[in-house]
Each structure stands twice: as C-alpha cells, then as structure tokens.
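First the structure, in the form of structure tokens, and then the observations on it.
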Amino acid sequence: MAKFEGHIEQPRFSCAIGALQSVVAIPKAVPILHSGPGCGDMVAGFFERSKGYAGGDTSPCTNFTERDVVFGGAEKLRKIIKNSYKVLESDLQVVMTGCTGGIVGDDIESVVQEFQNEGKPIVAVDTPGFKCNNYVSHSNVVKAIIDQYVELHEDDNPARSEANTVNLFASLPYQDPFWKGNLREYKRLLEGLGLKVHVLWGPESGGVSEWREIPRANFNILVSPWYGKAIVDHLKIKYGQDYTWFHSIPIGGNETEKFLRQVLDFAVEKDAGIDKKAAEKFIRKEVDAYYEEIDNLATFLLEFRYGLPNHAHIFSDAGYVVGISKFLLHETGVVPKEVYAIDNTPEKYQQDIIADLASTSDKKVIPIRFEPDAGKAQNEVRQLTHKGRGIILGSGWDKNLAREKGYDFLSIAVPSPVRLVMTTNYVGFSGGLRLIEDIYFTALQNYS
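Start counting at 1 in the sequence shown, then tack on 1, and there's your number in the working numbering.
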C-alpha cells in the first residue's frame, strides 16, 4: 500500500475486517467474527444501512475479552460456530479475525477445519485490522472462499467448461454505495453482448451456487484501477482463466461503449460463441438511446448555462475519480480540477492511473492526488480558487467544505449519512444519465 505517517482524518475506507461486507453481500452467507464486540458495530456504523442478512452488529461474534487474550479464544470460537448453525439458516460461513485474534495468534484455521471435515460450507480468513484496509481484504476474502470452498466442487464445475460464461469483478459491496445498481447494469449490458454473467454479489447473483460455478467461466472481467486484481491473477493461475481489465468505472456514452467493445473483442478472441453482429446491434441501440437523451438536454443547458457548475473537485476511490472525471469533461462540460483518490492506492498502480486520466484530453490537464488523508485533501481544496461555480462530489464529510466555498455538493462515496442509496447505478449509459440528473438537480436547488 501507499505509505503515510501519523493519523488519517476522515478515512473513506475501513480496516481489514470491513471486508465482512463482501460476505454479507453474498445471499445467505454469514460472517463469523473472532474479534472484540465493537468490530461489527464499527463496520455497520461506517457503511450504514449495510447489515444485510447477518452483518454488522448482528454477525455472530466471539466478543474477544482480556481473558481470551491470556488464555486464547479458540474454544469460544468453536462454540460460536456451532451455535450459529442452530440459529441462522445459511449457505456459507466465513470466519474472520479482528485485531485481538490476530495479535494473540489463535489458530482459527484448525477450528474451521474441524467443521470443514464434517462437510460444513465454512472458510477461514485472516483479517486483523492492522494488516490492510478493506479494499485489499476484499480480495483476500474472495480468494479464501475460492480456495477453501469453491475448490471442493471442482469435479462438478470443470474449469473453463462454459465458453460464453464470465465472472465479473467490479464494484466492492457497500464500499461502493451504488454496488447493487451497478452490478445489475453490468449484468444487463454484458448479457446484451450474449454472455452469461456471474456477478457473485447481491440480488442479481445466484448466491453460493453461483460461486461454486466460478471455475466454469471462460474468462474474467475486472473493472477497477487496482482493487480486485489479486483475484483475477489468482484465478488465472488456478483455473487458467484469462481476464480483460478495464481500468476505471465506465460512465456515460464514451467509456461504456469503449468498455463493451473491449469485452466483445476479448470474447471473440476467446471463442466465447458470441454473435458479433447481434452484439454490435445491441451496442448501437444503447448508444443511440443515450445520445437521444443527451440531445434533449440542449435547451435546458442553453437556458441555465450561467447558473450551472463549470468545474468540479472529486473525492473518491481511484476508479470513480478517473471514471467521473472522464465523464464530466467529455459529456457535461464540467471541468474536473484537482481530484483526490482517497483509497490508499498502492504506489505501483499510481503511474498507470495518472496516465489513464491524462489520456482523457490533450487540452485539459486534470491534477490527481493520491491522498488517503481526506482532511489534508480538504485543506488543499480550501486554499484553491477557480473562476465560476463549482461542485464537490465526495462523501458526506465533504458537504461542509462545499458550503464553505459556496459550491454545490453531491454525495457519491461512503460514509454518506446525507444520502439514501438503494438500487441507483452510476455505471453504463443509464448511470451516466442518472449522474447528470443528480448533478443538475443539485444545482437547480439554488433556484427554488
């Protein structure tokens, strides 16, 4: 990860155990926390409205105490696992360690192995908060499920046995507030190309049965600047599944068409049995429908051209920062000024992200800062001055900054107590239209 010293003000991500949300988002999966009693509550408080089937402070937990630090908590964990089967109807259990369990060094793998030997669908993963953040831990959780559960069902799911099936790795559940809507839209678009899609998380997935079928996929799709890459690299080694990598969130006409054509070309290369003419027809229909709506904006933009924001600052993860910047510049005329990737982007990916953003335009330079300390990023924006009206797209913490500067504000990232998101998507053609609606609706509030 990127290096920083001291404390972080207003973190926009959680510690490693925050990846319990990646378990909660799998239908009928249950995280079992070998941690202190506050860990699940902390995660639920950060992500909000995120408990799902058995998440947050409703997750089974060993409630690690000082006694367990001295004598170990393995027996307590064993008891909690047994009782969770009695209380919760579940298809998969994932045991996750907190900081105390990680420091003491309880052998959770041996405890879990006892239940695995009984045929229970259960896995163990090391997630002490000091180890990494939830972006990294998400990949660790997914790999643990693949290696300890999916692997057991390989005989019924031969590797790469379905030519037109793909596994999608994109939005991180709950860390991306629009994950449900985004996964639904990804699935719709990819099915429009003629692919069968494993989205793995949320109501559009087939739950644990879909996870068992991961090996069947011909190839994988990664939509991310860096998080999740460890998963597709692992699957490439384990099942020989190659992957196509789209480095930012595809929003609006330009990037969504580029994304679909990249996937289509890769599918043809991998002999996925795609009807290329039908897929091209689908893409053209989607593009035409999108730009028909954009054309209808002309009168509105002309009437309100002096009252709309002309520049923006963005505080989000690197995928959204680049994706929204490209969209704003090319499809709304709102110029991204200084933008901030606050996901603690690993240094080895930063130059590629900078290059990706620089490819947006040969006329406009969009300065990007990799700054996990959002308080420091806010202080920098406080000192900046740009002509015209601005808008800040960030988390709920950035609302006061927007008020200070007299800017419009749109909540697009966690934590966000100022916005309720259920199935809204910002991905794809429809996601671009929704983002336009949200930006201009926010601006028009000043006229009421």
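We treat Cβ as the ideally placed atom computed from N, Cα and C, and that holds for glycine.
Any idea what DSSP makes of residue i, helix, strand or coil?
i: P373; result: coil
i: L421; result: coil
i: H235; result: helix
i: K77; result: helix
i: Q94; result: strand
i: L329; result: helix
i: V428; result: coil
i: V224; result: strand
i: I437; result: helix
i: L411; result: strand
i: G229; result: coil
i: G395; result: strand
In whole angstroms, what separates the C-alpha of residue i from that of residue j?
i: S162; j: N168; result: 13 Å
i: Q352; j: G241; result: 28 Å
i: L223; j: R68; result: 44 Å
i: H35; j: S60; result: 10 Å
i: S412; j: L421; result: 10 Å
i: F65; j: V31; result: 19 Å
i: S317; j: K282; result: 34 Å
i: W328; j: D272; result: According to the sequence as given, residue 328 is Phe; it is not Trp. Spanning the two alpha carbons is a distance of roughly 32 Å.
i: E10; j: G229; result: 25 Å
i: D108; j: A75; result: 7 Å
i: I81; j: K87; result: 10 Å
i: Q384; j: A378; result: 10 Å
i: S138; j: E110; result: 17 Å
i: G207; j: F305; result: 46 Å
i: E405; j: K132; result: 36 Å
i: A403; j: F410; result: 6 Å
i: G130; j: Y136; result: 12 Å
i: K83; j: D92; result: 14 Å
i: Q117; j: L153; result: 10 Å
i: K388; j: G41; result: 45 Å
i: S15; j: L303; result: 43 Å
i: K400; j: K278; result: 47 Å
i: Y452; j: L298; result: The structure shown has nothing for residue 452, since the chain only spans 2 to 449.
i: Y408; j: V335; result: 13 Å
i: V524; j: W398; result: As shown, the chain starts at 2 and ends at 449. That puts residue 524 outside it, with no answer to give.
i: P418; j: R13; result: 13 Å
i: E115; j: I232; result: 27 Å
i: Y427; j: E119; result: 43 Å
i: A290; j: L194; result: 17 Å
i: A20; j: G106; result: 20 Å
i: R390; j: D344; result: 27 Å
i: V209; j: D156; result: 16 Å
i: Y448; j: F301; result: 14 Å
Only counting the same chain, and skipping five residues up and downstream in sequence, which positions put a Cβ closer than 7 Å to that of residue i?
i: E211; result: H199, L201
i: K188; result: V198, V200, E205
i: Y350; result: P226, W227
i: A160; result: P216, Y240, G241
i: S326; result: I315, P337, V340, L358, T361, I367
i: T425; result: F179, G182, R435
i: D276; result: G195
i: S396; result: R13, F316, S412, A414, V415, P416, S417
i: D177; result: N183
i: S85; result: V31, I33, P61, Q94
Can you tell me the Cβ-Cβ gap for residue i and residue j, rounded? I've got them flagged as a contact below 8 Å.
i: A342; j: A319; result: 4 Å
i: I392; j: P310; result: 4 Å
i: N219; j: N141; result: Not really, about 25 Å apart at Cβ, beyond 8 Å.
i: A268; j: T128; result: Actually they are not in contact, since the Cβ atoms of A268 and T128 sit about 35 Å apart, beyond 8 Å.
i: E346; j: I355; result: The residue asked about is misnamed: residue 346 is Thr in this sequence, not Glu. No, T346 and I355 are not in contact; Cβ-Cβ is about 10 Å, not under 8 Å.
i: V322; j: I369; result: 7 Å
i: G432; j: E186; result: 6 Å
i: P373; j: F47; result: Contact flag wrong, Cβ pair sits at about 15 Å.
Within its chain, find whatever has a CB closer than 6 Å to the CB of residue i; leave out the 5 residues flanking it on each side and keep chain order.
i: V124; result: V95, A145, I146, Q149, Y150
i: T257; result: P251, G429, F430
i: P174; result: Q22, S23, A26, W180, W202
i: E287; result: F430
i: K104; result: Note that residue 104 is Ile in the sequence shown, not Lys. Closer than 6 Å at Cβ, skipping near neighbours: no residue.
i: H331; result: N255
i: F260; result: F247, P251
Between which residues of its own chain and residue i is the CB-CB distance below 8 Å, once the five residues before and five after are set aside?
i: K52; result: V25, A45, D58, T59
i: V112; result: A75, L78, R79, I82, V96, A125
| query | Which whole runs of the alpha helix (DSSP H) in the segment 243–281 are 4 residues long or more, in chain order? | reply | Correct list: 253–270.
| query | Enumerated in chain order, which unbroken segments of the beta strand (DSSP E) with a length of 3 residues or greater are wholly contained in the segment 99–139? | reply | Runs of the beta strand (DSSP E) inside the segment 99–139: 123–126.
| What beta strand (DSSP E) runs, 3 residues minimum, are completely inside the segment 14–66? | Within the segment 14–66, the runs of beta strand (DSSP E) that reach at least 3 residues and sit entirely inside it are, in chain order, 30–35.
| Ranges of the beta strand (DSSP E) found wholly within the segment 153–214, counting only runs of at least 3 | Complete beta strand (DSSP E) runs here, min 3: 163–170, 197–199.
| In the segment 288–360, which residue ranges form an unbroken beta strand (DSSP E) of at least 3 residues, counting only runs that do not cross its ends? | You should have 312–317, 336–342.
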